[in-house]
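Presented below is the structure to which this report refers.
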Amino acid sequence: LTLHRLPPAYRVLYCGIALLLTAALLSHWWRLSLRHGTAPAAVVAWYRGDETAMLFRKTGIEVAEDAWMNLFHHTLALLVLGGLVVRTDAAPRTKALAGALFGGGALATAAGPPLVWWGVPGAAAGYVGALALLSGIGLLVLGLVVRDAALRRSDGHRGIAGTDVLAMGGRA
934 LTLHRLPPAY RVLYCGIALL LTAALLSHWW RLSLRHGTAP AAVVAWYRGD
984 ETAMLFRKTG IEVAEDAWMN LFHHTLALLV LGGLVVRTDA APRTKALAGA
1034 LFGGGALATA AGPPLVWWGV PGAAAGYVGA LALLSGIGLL VLGLVVRDAA
1084 LRRSDGHRGI AGTDVLAMGG RA
């Protein structure tokens, strides 16, 4: 059942969910900006310490907490956005590519903090790039959901009893 065939209340709900989840992904940039900055050099300074910026090296547990938070939040985002994108009329290849890239990005953002902390070359740039990838895919899914749920002409829904809450609103 694709989004454009759902009752209007569900289409509005799914657009709202996609909007909130995309806003949550984009808010990660705000968090980074407030905490240390979005440039790879700032990420390195945050995790490995920087005497000129008066930053101490993070402890292993602090790095693990960041990795866990990224993995948990981005996996939830993958599950919800994946559930929404499969209901769009996007090409199957686009859906699969978006899911695979988002899953890979979620793993990369979880691995990013420890790799930066351990001093792996290029890890900070990879971490920032993975966050940008997740934000871009979130915007793509939001666009697909809004296109199919709000902008596309409805073909009506299947008529499953009790599914059209707006139509039943005036009856009691």
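Its first residue numbered 934, the sequence shown is counted upward by one per residue in my numbering.
We put the CB at the ideal spot given by N, CA and C, even for glycine.
Under 6 Å Cβ to Cβ from A1039, same chain only, skipping five residues before and after it: list those, please.
Once the five neighbours on either side are set aside, the close Cβ partners of A1039 are H1007, T1008 and L1011.
Tell whether a beta-carbon distance below 9 Å holds between L1075 and L952.
It is a contact, given that the beta carbons lie within the stated cut-off.
Which whole-angstrom value is the C-beta distance of V1078 and T1042, which I expect to be below 8 Å?
That belief does not hold up - the Cβ atoms of V1078 and T1042 are roughly 22 Å apart, past 8 Å.
Could you spell out where the alpha helix (DSSP H) holding T985 opens and where it closes?
No alpha helix (DSSP H) contains T985, which DSSP labels as neither H nor E.
Can the beta-carbon of L988 be found less than 9 Å from the beta-carbon of A978?
In this structure, A978 lies closer than 9 Å to L988 by Cβ.
Can you tell me the Cβ-Cβ gap for A1056 and L1048, rounded? I've got them flagged as a contact below 8 Å.
At roughly 4 Å, the Cβ-Cβ gap stays under 8 Å, so A1056 and L1048 are in contact.
Which residues in the same chain as A1031 place their Cβ atom closer than 7 Å to its Cβ, once the five residues preceding and following it in sequence are excluded?
So the list reads V1018, I1070, L1073 and V1074, once near-sequence residues are dropped.
Need the endpoints of the alpha helix (DSSP H) that P1150 sits in, please.
Past the edges of the chain, shown from 934 to 1105, lies residue 1150, and the structure says nothing about it.
Buried or exposed for G1052, please, with buried defined as at least 16 other CB atoms from any protein chain shown within 10 angstroms of its CB.
When all chains shown are included, G1052 counts as exposed.
Determine the closest residue to T985 out of A974, F1005 and A1024, with distance taken between C-alpha atoms.
That would be A974, whose Cα lies nearest to the Cα of T985.
Can you give the Cα-Cα distance for W962 and L1034, rounded to whole angstroms?
For W962 and L1034, the distance between alpha carbons rounds to 19 Å.
Quick one: Cα of A1024 to Cα of F1005, how far?
When rounded, the distance between both Cα atoms is 28 Å.
Indicate whether V976 and G982 have their beta-carbon atoms separated by less than 9 Å.
No, these two residues do not count as a Cβ contact at 9 Å.
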